[in-house]
Ligand SMILES: Cc1cc2nc3c(=O)[nH]c(=O)nc-3n(C[C@H](O)[C@H](O)[C@H](O)COP(=O)(O)OP(=O)(O)OC[C@H]3O[C@@H](n4cnc5c(N)ncnc54)[C@H](O)[C@@H]3O)c2cc1C
């Protein structure tokens with residue numbers, strides 16, 4: 232049996248379920264609150280305590296540890312998000328087991344052969360994972376999501392025994408991001424800008440183009456470090472991983488850490504004044520020019536085409 236940690240319903244969860252199903256064993260799942268659409272899973276273990284839905288990584292890990300001890304799964308799988316990786320790292324520490332984060336593939340056996348993303352996406356590593364229970368997270372957007380299977384699972388309540396330490400870190404407040412409706416991680420179009428924006432005001436033309444295309448606005452770390460945009464807009468190794476149909480990257484050099492976040496884009500259009508900028512090596516299309524002229528020109532053409 233494979234145990235899947237369901238952080239929240241959505242595409243990344245469906246990717247983790249697809250990955251887990253390929254391991255060829257029945258699935259059970261653990262979630263902090265009832266997750267619609269988790270089909271094809273025999274049992275859904277639901278945590279009873281409020282601390283779980285508030286997100287408390289060590290407490291969630293304790294719930295998984297108790298299930299591992301009771302059910303002896305051959306593997307525990309979660310999405311390779313910040314939270315998925317954090318929770319499984321706690322599980323690994325509690326059980327004193329190795330943990331393979333950000334896997335793109337796994338061949339079951341003893342040991343498991345896993346392929347995983349290292350160094351912010353610049354390296355794929357093949358590794359043997361020796362452990363009685365394999366702990367794995369799935370690199371986002373490297374596995375096709377599972378179609379939502381029909382059939383509701385049997386729901387079983389779980390009340391883990393939590394220590395004071397398990398409750399030390401938990402979310403106590405949430406501040407909604409100022410950004411509009413389209414989520415960066417799931418947007419089909421992302422228009423992004425780096426230091427080339429020149430100032431926070433430089434994002435006005437980026438927002439306009441994103442708006443016209445029904446997309447989301449992103450940025451590089453140079454921008455968040457300068458305080459021009461919030462961290463929720465950052466794309467990259469230490470930001471959001473995106474997988475849009477098209478990624479329009481303006482005034483962004485294309486550092487390895489930035490490209491780690493947009494590897495999943497189906498196509499990249501770079502707008503840059505420097506014909507030698509590293510991003511051009513990954514771009515499908517490029518406009519060599521000043522973004523302050525090129526971006527408004529694209530928006531103007533779009534408006535003209537729509538008016539006509
Ligand atoms: C541990 C670690 C983690 C990191 N994580 C991330 C991360 O998650 N995301 C991330 O983005 N970075 C990350 N970085 C930082 C990364 O290494 C780069 O420093 C950063 O991505 C650079 O941002 P940038 O491309 O906006 O700026 P720059 O490298 O300064 O590039 C600016 C680009 O804009 C172009 N330009 C300038 N003016 C214009 C104009 N008017 N029109 C068009 N083009 C113009 C220039 O030619 C240049 O190519 C990380 C670094 C470390 C060490």
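Residue numbers (our numbering): 232 to 539. Glycine included, C-beta positions come from ideal geometry on N, C-alpha and C.
{"Item": "Which residues DSSP lists as bridging residue 449, in chain order", "Value": "423"}
{"Item": "Cβ-heavy atom distance, residue 395 to ligand 1, below 7 Å", "Value": "no"}
{"Item": "Check: residue 175 C-beta below 7 Å from any heavy atom of ligand 1", "Value": "The first residue shown for the chain is 232 and the last is 539, placing residue 175 beyond what the model contains."}
{"Item": "Sub-8 Å separation of residue 309 and residue 319 beta-carbons", "Value": "yes"}
{"Item": "Separation of residue 399 from residue 499, as counted between CA atoms", "Value": "42 Å"}
{"Item": "Residue 437: CB within 7 Å of a non-hydrogen atom of ligand 1", "Value": "no"}
{"Item": "Identity of the residues DSSP links to residue 346 by a beta bridge", "Value": "336, 357"}
{"Item": "Among 524, 480, 306, nearest to residue 425 - alpha-carbon criterion", "Value": "480"}
{"Item": "Check whether residue 550 and residue 470 have beta carbons under 8 Å apart", "Value": "The displayed coordinates of the chain run from 232 to 539. Any statement about residue 550 would go beyond what the structure contains."}
{"Item": "Pick from 248, 273, 238, 518 that is closest to residue 385, judged by C-alpha positions", "Value": "273"}
{"Item": "Run of the beta strand (DSSP E) containing residue 387, from where it starts to where it stops", "Value": "385-389"}
{"Item": "Close beta carbons around residue 255, own chain, < 8 Å, minus the five adjacent residues each side", "Value": "339"}
{"Item": "Around ligand 1, Cβ to any heavy atom closer than 5 Å, ordered along the chain", "Value": "425, 426, 427, 451, 452, 453, 467, 468, 469, 470, 482, 483, 484, 486, 488, 489, 503, 504, 505, 508, 521, 522"}
{"Item": "Buried or exposed by the 16-neighbour rule on C-beta atoms within 10 Å, applied to residue 497", "Value": "exposed"}
{"Item": "Backbone secondary structure at residue 487 - three-state DSSP", "Value": "helix"}
{"Item": "Continuous beta strand (DSSP E) stretch holding residue 211: start and end", "Value": "The shown model of the chain, from 232 to 539, leaves out residue 211, and the question about it has no answer."}
{"Item": "Assigned secondary structure, residue 454 (DSSP; H/G/I helix, E/B strand, else coil)", "Value": "helix"}
{"Item": "Straight-line Cα distance separating residue 235 from residue 366", "Value": "10 Å"}
{"Item": "Sheet register partners of residue 372 (DSSP bridge)", "Value": "Residue 372 is not bridged to any residue."}
{"Item": "Segment contact flag, the region 242-261 with the region 275-282, C-beta cutoff 8 Å, min 3 pairs", "Value": "yes"}
{"Item": "Top-ranked residue by Cα proximity to residue 403, from 281, 466, 251", "Value": "281"}
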